[in-house]
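Residue numbers for the sequence shown follow this note's numbering, so the first one is 239 and each next one is one higher.
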Amino acid sequence: MKKSISFILVICICLACALTGYAADTGIKIDGTWSVLMPENPTSYESFAADKLASALSDVFSEDISPVTSADKNFIAIGVASKADTAEIADNGYRIQAIDGNIHISGTGIRGLQAGVNRFLEEFCGRKVYTAEITILPAAKSITVPADTDIVYEPYFEYTDTDWKSPRNVEYSLANGLTGGTYRRLPAEAGGTVDYIGGFCHTMGTLCKTADFAESDPEQLALHNGKRTADQPCLTNPRVLETATASVLDLLRENHDPDASLQIVSVTQNDNQNYCECSKCKAFEDSHGGAQSATMVNFVNQIALAVKAAGYNNVAVDTFAYQYTRKAPQNIKPEENVIIRLCTIECCFLHTLDDSSCKRNTELMKDLHDWSEICKRIYVWDYTTNYSNTCIVFPDFNVIQRNIQVFSENNVKGVYEEGNYYIDNCDTEFGELRAYMISKCLQNPYCDIAAETEGFLAAYYGPGYKDIKKIIDLHIENACKLNGGHLSIGESPAASFSFSNAQIKEIDNCWLSALQAAETPAQKSNIERSMLSWRFWKASTGKGEFSLLNPERYAEKEKLFEDMKASGVSMISEGSYGDYLDCICVKYVPANEWNMYEDDEQAAHVRLFFEKILESLTPFLAAGGLFYKLIYGLE
Ligand SMILES: [Zn+2]
Ligand SMILES: [Zn+2]
239 MKKSISFILV ICICLACALT GYAADTGIKI DGTWSVLMPE NPTSYESFAA
289 DKLASALSDV FSEDISPVTS ADKNFIAIGV ASKADTAEIA DNGYRIQAID
339 GNIHISGTGI RGLQAGVNRF LEEFCGRKVY TAEITILPAA KSITVPADTD
389 IVYEPYFEYT DTDWKSPRNV EYSLANGLTG GTYRRLPAEA GGTVDYIGGF
439 CHTMGTLCKT ADFAESDPEQ LALHNGKRTA DQPCLTNPRV LETATASVLD
489 LLRENHDPDA SLQIVSVTQN DNQNYCECSK CKAFEDSHGG AQSATMVNFV
539 NQIALAVKAA GYNNVAVDTF AYQYTRKAPQ NIKPEENVII RLCTIECCFL
589 HTLDDSSCKR NTELMKDLHD WSEICKRIYV WDYTTNYSNT CIVFPDFNVI
639 QRNIQVFSEN NVKGVYEEGN YYIDNCDTEF GELRAYMISK CLQNPYCDIA
689 AETEGFLAAY YGPGYKDIKK IIDLHIENAC KLNGGHLSIG ESPAASFSFS
739 NAQIKEIDNC WLSALQAAET PAQKSNIERS MLSWRFWKAS TGKGEFSLLN
789 PERYAEKEKL FEDMKASGVS MISEGSYGDY LDCICVKYVP ANEWNMYEDD
839 EQAAHVRLFF EKILESLTPF LAAGGLFYKL IYGLE
């Protein structure tokens, strides 16, 4: 039996006693003598699932277990060999059932079976895929499955995707249920990915070829502020619809996959506000509640009907509810194969979306409710990082689960959690934790996220993980007090957190204590990397060792700069590749301003200015040092 575990770190903890002790009298005891039973002529889905299960069980029991096609007893049956009835289960779901002392795993759709196997491994073998590098699979002499086991799962979302790091890994995505195709290609035999064909967003100009008609047929262009502009098309012009429909059908002719669970064509407005104000568009919108989304829904509906008429039953047409189209229209409904993608960019991420005390979120909730009244297929484009100051902590951990529940409860069928997609160049805070929390909540919005978080922290940061949890909690408690407690995706370091000096000392101690408790080089490195976020915050706000009163602050800042470089950090905000690395006054300006002082004349002036001040202050530094020690309680 091939054990494909060489690329992952399998941490074997012997939990044999604990696992076998569970429900010993009523449970089904499974050990290395058991078989994985698959049909004689398995489909590719069944072979994939059976191999995965057999391979993992081989690792658990340290026995070679291969799939077989006949067995009388002591088997885990897969696919058609399973007797678990799935007639009532939605597509891509599964059922795990104990029947007559054996285990039966059946799946629906094309990804249900492998999802069921992954659930079995997680639920009964204790398998956890926390990151691309950390998989926990406890070794055991046997495991026990309760004799009354009957687990039924239906996916909460048909499409889930997020940026961040480990979600790009195939095994991680399969174990934790991510299905989008932006960052990963899942094998076809595991259900494949849900792909956007021909573009993820802002595709209108391309599909309508608007600019091509500027001279020959200007009425196809939006009339905005009295002028025709190619920035957007006129959505009530029949010739525009004709071109867009033909473009979409062309895309499908070239890229359609009849075996995919779902493919999506994005028909989304260009990223500007220059929508059409011609009399026909205006009249249509006026008769539909004055919402600019009315012409958009009408336009996209007609394309969606053409797609359906052409026989593309596993294809949906997607459009935005974004900026001027965010408000839902009246007297018109999106067709069932139309996706409305609502964007949360204006929201607060410290309060949950359904927190009525947060005005920023109340408005979005109204739009979500209004859309959910007329559309059963809403997708959400959500945000999970600080794009202006990406190195510091984005304290959204307490809203992730509830917000995903809110989505699920309001007809949202797909979620894209946009994160720090440039994490390869800017990995300093708690990205892997957030990725795991998001993935688990998208897989099951009602999972025990506290237990999942604790398990993750222990595996990723080691025995000192409770200190890390304390640090995260302190960040949440002290977030955005200067902003009335509201968190946007672009807060400055100073606005993000207000810590007392005692709290700063407490957080310093937590980091050190976690670091001292680390047992492996990986845990130590994970703590040091996450700790960069804390050092960067202090270096941006002049706190702790970066205080004006500390004579060592310049050396500390240079050390932070070097540590960030060594850790591969080349960006400190979105779209800022490499610029902070050229800062010529690292020592003298707050860390979050490093990207503003590259090697030019103005920056050179700043550096000289600070160097002069430093010189003149030298005699006072010793006195300042005393104050610093008093404030931070140092010896
Ligand atoms: Zn128009
Ligand atoms: Zn708020």
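Beta carbons are placed, not taken as given, at the ideal position from N, Cα and C, and that holds for glycine.
Here the structure is a predicted model, which is why all the values come from computation and not from measurement.
Taking the CB atoms as reference points, tell me whether residue i and residue j lie closer together than 9 Å.
{"i": "Trp-775", "j": "Ser-734", "result": "yes"}
{"i": "Gln-540", "j": "Tyr-562", "result": "no"}
{"i": "Val-486", "j": "Ala-413", "result": "no"}
{"i": "Val-631", "j": "Ser-771", "result": "yes"}
{"i": "Leu-445", "j": "Ala-498", "result": "no"}
{"i": "Ile-616", "j": "Ile-577", "result": "yes"}
{"i": "Ala-519", "j": "Thr-557", "result": "Note that residue 519 is Cys in the sequence shown, not Ala. Going by C-beta atoms, Cys-519 is not nearer than 9 Å to Thr-557."}
{"i": "Gly-700", "j": "Lys-762", "result": "yes"}
{"i": "Glu-427", "j": "Tyr-283", "result": "yes"}
{"i": "Pro-633", "j": "Ile-687", "result": "no"}
{"i": "Tyr-391", "j": "His-462", "result": "no"}
{"i": "Asn-312", "j": "Ser-273", "result": "yes"}
{"i": "Gly-702", "j": "Ala-755", "result": "yes"}
{"i": "Asn-648", "j": "Ser-610", "result": "yes"}
{"i": "Lys-883", "j": "Asp-593", "result": "This structure cannot settle anything about residue 883, because the visible part of the chain is limited to 239 through 873."}
With 16 as the cutoff for other CB atoms within 10 Å, does residue i come out buried or exposed?
{"i": "Ala-547", "result": "exposed"}
{"i": "Lys-597", "result": "exposed"}
{"i": "Ile-851", "result": "exposed"}
{"i": "Gly-339", "result": "exposed"}
{"i": "Arg-791", "result": "buried"}
{"i": "Asp-665", "result": "buried"}
{"i": "Tyr-684", "result": "exposed"}
{"i": "Arg-767", "result": "buried"}
{"i": "Ser-854", "result": "exposed"}
{"i": "Tyr-410", "result": "buried"}
{"i": "Arg-579", "result": "buried"}
{"i": "Thr-307", "result": "exposed"}
{"i": "Arg-423", "result": "exposed"}
{"i": "Gln-511", "result": "exposed"}
{"i": "Leu-720", "result": "exposed"}
{"i": "Thr-758", "result": "exposed"}
{"i": "Pro-393", "result": "buried"}
{"i": "Lys-651", "result": "buried"}
{"i": "Gln-840", "result": "exposed"}
Below 6 Å CB to CB, which residues in the same chain sit around residue i once its five sequence neighbours on both sides are set aside?
{"i": "Asp-620", "result": "Thr-582, Glu-655"}
{"i": "Cys-821", "result": "Trp-832, Tyr-835"}
{"i": "Lys-321", "result": "Ile-337, His-342"}
{"i": "Gly-364", "result": "Pro-376"}
{"i": "Asn-493", "result": "Ile-435"}
{"i": "Ile-714", "result": "Pro-633, Asn-636"}
Just to check my reading of the structure: residue i and residue j have Cβ atoms closer than 8 Å, yes? What is that Cβ distance to the nearest angstrom?
{"i": "His-440", "j": "Asn-356", "result": "Incorrect: roughly 35 Å between the Cβ atoms, too far for contact."}
{"i": "Ile-266", "j": "Ile-316", "result": "At roughly 16 Å, the Cβ-Cβ gap does not stay under 8 Å, so Ile-266 and Ile-316 are not in contact."}
{"i": "Ala-353", "j": "Tyr-368", "result": "Contact flag wrong, Cβ pair sits at about 18 Å."}
{"i": "Ile-268", "j": "Ser-380", "result": "6 Å"}
Hey, quick one: how far does the alpha helix (DSSP H) through residue i stretch, first residue to last?
{"i": "Ala-760", "result": "759 to 779"}
{"i": "Ser-504", "result": "Ser-504 -> not in any alpha helix (DSSP H); beta strand (DSSP E) instead, spanning 501 to 504."}
{"i": "Cys-519", "result": "517 to 524"}
{"i": "Leu-543", "result": "531 to 547"}
{"i": "Lys-379", "result": "Per DSSP, Lys-379 belongs to no alpha helix (DSSP H) and is neither H nor E."}
{"i": "Ser-485", "result": "476 to 493"}
{"i": "Ile-642", "result": "638 to 646"}
{"i": "Glu-215", "result": "The shown model of the chain, from 239 to 873, leaves out residue 215, and the question about it has no answer."}
{"i": "Ile-714", "result": "703 to 715"}
Excluding five sequence neighbours on each side, which residues of the same chain lie with their C-beta closer than 7 Å to the C-beta of residue i?
{"i": "Ala-261", "result": "Because Ala-261 carries a pLDDT of 42, less than 50, the predicted location of this residue cannot be relied on, and the following value inherits that uncertainty. Once the five neighbours on either side are set aside, the close Cβ partners of Ala-261 are Thr-382, Pro-384."}
{"i": "Ile-570", "result": "His-526, Ala-532, Val-535, Asn-536"}
{"i": "Phe-784", "result": "Lys-776, Ala-777, Arg-791, Glu-794, Lys-795"}
{"i": "Gly-437", "result": "Thr-444, Ser-504"}
{"i": "Asn-764", "result": "Tyr-698, Tyr-699"}
{"i": "Met-442", "result": "Gln-470, Pro-471, Val-505, Thr-506, Gln-507, Asn-508"}
{"i": "Gly-259", "result": "Here the model assigns Gly-259 a pLDDT of 39, short of 50, so the residue's position is not dependable, and the following value carries that caveat. So no residue of the chain qualifies."}
{"i": "Asn-658", "result": "Asp-401, Trp-402, Thr-623, Thr-628, Cys-664, Gly-669"}
{"i": "Gly-347", "result": "Asp-329, Asn-330, Ser-499"}
If I follow the unbroken beta strand (DSSP E) through residue i, where does it start and stop?
{"i": "Gln-470", "result": "465 to 471"}
{"i": "His-342", "result": "340 to 345"}
{"i": "Arg-579", "result": "576 to 581"}
{"i": "His-462", "result": "459 to 462"}
{"i": "Gln-335", "result": "332 to 337"}
Leaving out five residues before and five after residue i in sequence, what residues of the same chain have Cβ atoms less than 8 Å from its Cβ?
{"i": "Val-637", "result": "Phe-587, Leu-588, His-589, Thr-590, Leu-591"}
{"i": "Glu-812", "result": "Tyr-625, Ser-626, Thr-628, Tyr-660"}
{"i": "Leu-500", "result": "Glu-396, Tyr-397, Val-432, Asn-552, Val-553, Ala-554"}
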